[in-house]
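Structure record follows, encoded as structure tokens.
Residue numbers (the UniProt record's numbering): 1 to 195.
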């Protein structure tokens, strides 16, 4: 069974739980993300590939990264994060989604691109990253028992799919959000509003 979730913020209410730590309120009301056209516009500005992190994005920055303006996405073991930058205001916000009850599996790159990417920062060759591979898809295999999670690009949009084996229990799919003020469901449109 394949559960297609459409644009990346679509379908997030599955197993929805909120974190209420003080860290979640660092940047209240900086942005409002909806699953409708606003989210689609942000997500269409993310580059259409997942680049492996060989240290160029720093420790703890995830295994793969998609750069974009103003939104970038990082994928790490058992989590994904969305960073929204406002360079003019020199502000930003990060929303992190942890996969509750999941195995903290490392995401795996699929569909490699034909070219590597090099990151030459400064004039110290020891800080350079040469040959970082990029992929068209990233998969979390067996994130939950019988359930994989795959991120991909379709028609220029970042999307994700839950790939569910027969008889697997989809109630295992739970996501915890951090770095927001509130999660609301617009009952008229079905949009998830993240503030």
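The beta-carbon is built from N, C-alpha and C at its ideal position, and this holds for glycine as well.
Remember, predicted model here, so these are calculated numbers, not experimental data.
Open item on the list: For a test of the three-state rule: what should DSSP assign to residue 56, helix, strand or coil?
Closed with: Here residue 56 corresponds to residue number 56 of the chain shown, with the count starting at 1. It is coil, neither helix nor strand.
- [ ] Determine the direct distance from the alpha carbon of residue 164 to that of residue 113, and round the result to whole angstroms.
- [x] In the chain shown, residue 113 corresponds to position 113, counting from 1. In the chain shown, residue 164 corresponds to position 164, counting from 1. Each residue's Cα considered, the two are about 26 Å apart.
Open item on the list: Measuring straight from C-alpha to C-alpha, what distance separates residue 100 and residue 128?
Closed with: Here residue 100 refers to the residue found at position 100 when the chain shown is read from its first residue. Here residue 128 refers to the residue found at position 128 when the chain shown is read from its first residue. Distance between the alpha carbons of residue 100 and residue 128 is about 35 Å.
Task: Rounded distance between the beta-carbons of residue 172 and residue 151, thought under 8 Å - done: Translated into the one-based positions of the chain shown, residue 151 becomes position 151. Translated into the one-based positions of the chain shown, residue 172 becomes position 172. In fact, because the Cβ distance is near 19 Å, the residues do not count as touching under 8 Å.
TODO: Could you tell me which of 77, 79, 109 sits nearest to residue 52, measuring between CA atoms?
DONE: Indexing the chain shown from 1 puts residue 52 at position 52. Among 77, 79, 109, the Cα nearest to that of residue 52 is on 109.
- [ ] Decide if residue 107 is buried, meaning its Cβ has at least 16 other Cβ atoms within 10 Å, or exposed.
- [x] Along the chain shown, read from residue 1 onward, the residue named residue 107 stands at position 107. Classification of residue 107: buried, given that the 10 Å Cβ count is 16 or more.
TODO: Go ahead and label residue 193 buried or exposed: buried means 16 or more other beta carbons lie within 10 angstroms of its beta carbon, across all protein chains shown.
DONE: As a working note, residue 193 is residue 193 in the chain shown. Its Cβ being crowded by 16 or more others within 10 Å, residue 193 is buried.
- [ ] Report the three-state DSSP secondary structure of residue 112 (helix, strand or coil).
- [x] One-based indexing of the chain shown puts residue 112 at position 112. Strand at residue 112.
Task: Own chain residues within Cβ distance below 7 Å of residue 84, not counting five before or after - done: Residue mapping note: residue 84 aligns to position 84 of the chain shown, counting from 1. Hits under 7 Å: 31, 70, 71, 92, 93.
Task: CA-to-CA distance, residue 147 to residue 197, given in whole angstroms - done: Because the chain spans 1 through 195 in this model, residue 197 falls outside it and cannot be assessed.
TODO: Please determine, among 130, 143, 67, the residue with the shortest C-alpha to C-alpha distance to residue 50.
DONE: In the chain shown, residue 50 corresponds to position 50, counting from 1. Taking only the C-alpha atoms, the option nearest residue 50 is 67.
Open item on the list: Just to confirm the assignment, what range does the beta strand (DSSP E) spanning residue 141 have?
Closed with: In the chain shown, counting from the first residue as 1, residue 141 sits at position 141. Where residue 141 is concerned, the enclosing beta strand (DSSP E) stretches over 134-144.
Task: CA nearest to the CA of residue 79, picked from 153, 60, 54 - done: The sequence position of residue 79 within the chain shown is 79, counting from 1. Of the candidates 153, 60, 54, the one whose C-alpha sits nearest the C-alpha of residue 79 is 60.
TODO: Report the three-state DSSP secondary structure of residue 171 (helix, strand or coil).
DONE: Here residue 171 corresponds to residue number 171 of the chain shown, with the count starting at 1. In the structure shown, residue 171 sits in a helix (DSSP, three-state: H, G or I).
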